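Number of protein chains: 2
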Amino acid sequence: MRLVDVTRTINIEKIAGKMRGVEADVVIAEYPFTIHINDKELVTLLCSPTHLEYLALGFLQSEGFIQDDSSIKNIEFDEEKGYINVHIYNGERILNEKAFGKRTLTTGCGKGTTFHDVAQSLASDPIHSKMMISTEKVFEFVNQLHESAQIFRKTGGAHISTLASEQEMMFVHEDIGRHNALDKLFGECIMKDVGFEDKIIITSGRISSEMLIKSAKRKIPILISRSAATQLSVELAEKAGITLIGFVRNDKMNIYTNGWRIV
Amino acid sequence: MRLVDVTRTINIEKIAGKMRGVEADVVIAEYPFTIHINDKELVTLLCSPTHLEYLALGFLQSEGFIQDDSSIKNIEFDEEKGYINVHIYNGERILNEKAFGKRTLTTGCGKGTTFHDVAQSLASDPIHSKMMISTEKVFEFVNQLHESAQIFRKTGGAHISTLASEQEMMFVHEDIGRHNALDKLFGECIMKDVGFEDKIIITSGRISSEMLIKSAKRKIPILISRSAATQLSVELAEKAGITLIGFVRNDKMNIYTNGWRIV
Numbered sequence: 601m602r603l604v605d606v607t608r609t610i611n612i613e614k615i616a617g618k619m620r621g622v623e624a625d626v627v628i629a630e631y632p633f634t635i636h637i638n639d640k641e642l643v644t645l646l647c648s649p650t651h652l653e654y655l656a657l658g659f660l661q662s663e664g665f666i667q668d669d670s671s672i673k674n675i676e677f678d679e680e681k682g683y684i685n686v687h688i689y690n691g692e693r694i695l696n697e698k699a700f701g702k703r704t705l706t707t708g709c710g711k712g713t714t715f716h717d718v719a720q721s722l723a724s725d726p727i728h729s730k731m732m733i734s735t736e737k738v739f740e741f742v743n744q745l746h747e748s749a750q751i752f753r754k755t756g757g758a759h760i761s762t763l764a765s766e767q768e769m770m771f772v773h774e775d776i777g778r779h780n781a782l783d784k785l786f787g788e789c790i791m792k793d794v795g796f797e798d799k800i801i802i803t804s805g806r807i808s809s810e811m812l813i814k815s816a817k818r819k820i821p822i823l824i825s826r827s828a829a830t831q832l833s834v835e836l837a838e839k840a841g842i843t844l845i846g847f848v849r850n851d852k853m854n855i856y857t858n859g860w861r862i863v
Numbered sequence: 601m602r603l604v605d606v607t608r609t610i611n612i613e614k615i616a617g618k619m620r621g622v623e624a625d626v627v628i629a630e631y632p633f634t635i636h637i638n639d640k641e642l643v644t645l646l647c648s649p650t651h652l653e654y655l656a657l658g659f660l661q662s663e664g665f666i667q668d669d670s671s672i673k674n675i676e677f678d679e680e681k682g683y684i685n686v687h688i689y690n691g692e693r694i695l696n697e698k699a700f701g702k703r704t705l706t707t708g709c710g711k712g713t714t715f716h717d718v719a720q721s722l723a724s725d726p727i728h729s730k731m732m733i734s735t736e737k738v739f740e741f742v743n744q745l746h747e748s749a750q751i752f753r754k755t756g757g758a759h760i761s762t763l764a765s766e767q768e769m770m771f772v773h774e775d776i777g778r779h780n781a782l783d784k785l786f787g788e789c790i791m792k793d794v795g796f797e798d799k800i801i802i803t804s805g806r807i808s809s810e811m812l813i814k815s816a817k818r819k820i821p822i823l824i825s826r827s828a829a830t831q832l833s834v835e836l837a838e839k840a841g842i843t844l845i846g847f848v849r850n851d852k853m854n855i856y857t858n859g860w861r862i863v
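Order-wise, the sequence lines are chains A and B.
The opening position of the first sequence corresponds to residue 601 in our numbering, with each subsequent residue numbered one higher.
The opening position of the second sequence corresponds to residue 601 in our numbering, with each subsequent residue numbered one higher.
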């Protein structure tokens, strides 16, 4: 791990029944990471300090600042200082457009475009992927993800997400923010030139509309969570042609939409 | 409940072992709520559709648009349409200042002011409240809160928070977003003219730096969570003079900072 550790050990007071004493405890780090575009400060994300370059690129793609790596002129990245400056083509124009755009703040961290515009654009161009996976594979992925969750196990304060092909988990990221964990996956895809359209996302975090929209923008056909999905994410998944699965635990799961992809 | 229901019942496919069938399931609603200031669209929050006027006022106070109810000229609120337009004094000046400010996006939804500025201002004016509570009371509050969590019990997708005096829980709000649940509490305080400085916050949600900052800005001396606290929230609680408690479960708790208030 670079920069600062992902977790820190600190001395705290613990109470258990009638006992009270000072003990070492592991807490999750929360790191303010500032992203610049064309020398202009854009935003500070609070995140787990791992793979910050992936986080930056995934975030910029989620927010529409870049399309893919062809949008990028060059990147100045100082991992020690937690500094990134992404030089993009048409930066001035895009920054101006965004400055006058509307903001949507979500349960996580969505913003940038008007919520209703996004919902409409998903519906107008749904995903037609014929990809299917078996229920056994869904359970296998979720169990594998759960076993990989090292930071969560230490601190109880992290989310974990993976991008998988039909066969196997390809990339895994943990972060204090469930949106950051997704953006790190997307950023890794951009840097390694991996396509999205035949992939599956599996996450420990709840699926809100913004989690759904992040996946839908990449045309990812299957989105799986160990936790709950909101009513709006279910509606959007239906419109976007996404198979949305929640509450995968033991031998149970809820298939909210497009169940034909699960065999 | 007004507007739309807080939960929706929809038919989904459920898999349990070798069984697969369509069943009714309850999912949590996610409602896009747009806040206007002096006729200008400011932000769309995705939230649970309850007590939207509290949410708006709490949010505006968290973000520094209003100080208290004396900052407000009048409020146009159409609950059916999910529309609120808050007319504030010095609106033009404040909106201009904010437009040129920097944004911090957090694991939840913080933004508005530079993160480092906020951290510094907390440290320069710490909380000196002599308030204390017993460990028994901490356990009692957390159990009571857990029992009140109706939406969570139905959907697994909500956070619950309460504002309590030394003696009892005063206000309780549930929301898909843990930040929204806090802002609803603060909004209710503004509208009912209830002070913050002798109060306790108890929440189901994780304590990130932004949750801590929201409480610290109101000079609330004690912040209690059933879940984890991040390293940064612990550092900020130390600087701000806040008693921060996490992982309150059964007869156990972690006291991260200023344990002298817990007797």
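Glycine included, each C-beta is placed from N, C-alpha and C at the ideal position.
Keep in mind the model is a prediction, meaning the values are calculated, not measured.
Proximal residues of chain A, C-beta to C-beta of residue i below 9 Å
i          : result
Tyr-856(B) : Ile-610, Ile-612, Glu-613, Asp-625 and Val-627
Val-718(B) : Ordered by position in chain A, no residue passes the 9 Å Cβ test against Val-718(B), which lies about 10 Å from the chain.
Below-9 Å beta-carbon distance, residue i vs any chain A residue
i          : result
Ala-840(B) : no
Gln-831(B) : yes
Val-772(B) : no
Ser-734(B) : no
Thr-607(B) : yes
Glu-697(B) : no
Arg-602(B) : Note on Arg-602(B): pLDDT 48, under 50, position unreliable in the model; the coordinate value appears next. By this cut-off, Arg-602(B) is not an interface position.
Glu-630(B) : yes
Per-residue contacts from residue i into chain B (C-beta, under 9 Å)
i          : result
Asp-851(A) : Ile-615, Ala-616, Gly-617 and Lys-618
C-beta neighbour in chain B for residue i, strict 9 Å
i          : result
Ile-883(A) : In the structure displayed, chain A extends from 601 to 863; residue 883(A) sits before or after that span and is not available.
Phe-847(A) : yes
Ala-816(A) : no
Ile-862(A) : yes
Glu-768(A) : no
Lys-702(A) : With a pLDDT of only 48 at Lys-702(A), under the threshold of 50, the placement of this residue in the model should not be trusted; the figure read from the coordinates follows. Yes, because at least one Cβ of chain B sits closer than 9 Å to the Cβ of Lys-702(A).
Gly-710(A) : Any reading at Gly-710(A) must be qualified, since the residue scores a pLDDT of 37, below 50, and its modelled position is unreliable; the value itself is stated next. Cβ-Cβ to chain B under 9 Å: yes for Gly-710(A).
Of the listed residues the options, nearest to residue i (C-alpha basis)
i          : options                                           : result
Ile-727(B) : Ala-816(B), Ile-637(B), Ile-862(B) and Gly-617(B) : Ala-816(B)
Glu-810(B) : Lys-618(A), Ser-765(A), Asp-625(A) and Pro-632(A) : Pro-632(A)
Leu-655(A) : Asp-639(A), Tyr-683(A) and Lys-673(A)             : Tyr-683(A)
Glu-797(A) : Ser-808(A), His-779(A), Met-732(A) and Arg-806(A) : Met-732(A)
Asp-824(A) : Ala-629(A), Met-769(A) and Ile-628(A)             : Reading off the sequence shown, one finds Ile at residue 824(A), where the question assumed Asp. With distances taken between Cα atoms, Ile-824(A) lies closest to Met-769(A).
Ser-724(B) : Ile-845(B), Lys-839(B), Val-606(B) and Ile-760(B) : Lys-839(B)
Ala-781(A) : Met-853(A), Ser-670(A), Ser-804(A) and Met-791(A) : Ser-804(A)
Lys-799(A) : Ile-666(A), Cys-647(A), Gln-661(A) and Phe-741(A) : Phe-741(A)
Leu-722(A) : Leu-836(A), Met-853(A) and Ile-862(A)             : Leu-836(A)
Gln-744(A) : Asp-639(A), Glu-613(A), Thr-762(A) and Val-627(A) : Thr-762(A)
Ile-776(A) : Ile-612(A), Ile-675(A), Ala-749(A) and Thr-634(A) : Ala-749(A)
Ile-855(B) : Gly-617(A), Val-622(A) and His-779(A)             : Val-622(A)
Val-772(B) : Gly-691(B), Lys-784(B) and His-779(B)             : Lys-784(B)
Ile-694(B) : Ile-672(B), Ile-610(B) and Lys-618(B)             : Ile-672(B)
Ser-827(A) : Gly-846(A), Pro-821(A) and Ser-833(A)             : Gly-846(A)
Lys-618(A) : Asp-851(B), Asn-858(B) and Ile-862(B)             : Asp-851(B)
Ile-862(A) : Ser-662(A), Phe-739(A) and Lys-614(A)             : Phe-739(A)
Cys-647(B) : Thr-634(B), Arg-849(B) and Lys-640(B)             : Thr-634(B)
Met-884(A) : Gly-841(A), Ile-842(A), Ser-833(A) and Ala-829(A) : The question about residue 884(A) has no answer, for chain A in this structure spans 601 to 863.
Glu-774(A) : Asp-625(A), Asn-696(A) and Ala-629(A)             : Ala-629(A)
Residues that residue i contacts on chain A, provided the C-beta gap is smaller than 8 Å
i          : result
Gly-859(B) : Glu-613
Chain-ordered chain B contacts of residue i [CB-CB under 8 Å]
i          : result
Ser-827(A) : Gly-756 and Gly-757
Interface partners of residue i on chain A, CB under 7 Å
i          : result
Leu-740(B) : In the sequence under discussion, the amino acid at residue 740(B) is Glu, which differs from the Leu named in the question. In chain order: nothing, as chain A lies at least about 14 Å away.
heavy atom of the ligand FAD below 8 Å from residue i C-beta
i          : result
Ile-862(B) : Absence of the ligand FAD from the depicted structure is noted, as is the absence of any ligand whatsoever, leaving it without description.
Interface positions of the stretch 781-814 of chain B facing chain A (Cβ-Cβ less than 8 Å), listed along the chain: Arg-806, Ser-808, Ser-809 and Glu-810
Under 8 Å, CB to CB, which of the residues in the stretch 743-764 of chain B have a partner in chain A? Thr-755, Gly-756 and Gly-757
Taking Cβ-Cβ distances below 7 Å as the criterion, which residues of the stretch 646-665 of chain B are in contact with chain A? Leu-646
Quick check: the stretch 675-682 of chain B against the stretch 645-653 of chain B, are at least 3 beta-carbon pairs closer than 8 Å? yes
Below 7 Å between beta carbons is the criterion; list the residues of the stretch 675-688 of chain B that meet it against any residue of chain A, in chain order. none
If we count Cβ pairs, one from each stretch, closer than 8 Å, do we get three or more for the stretch 747-767 of chain A versus the stretch 603-613 of chain A? yes
Counting Cβ pairs closer than 8 Å, one from the stretch 787-794 of chain A and one from the stretch 663-681 of chain A, do we hit at least three? yes
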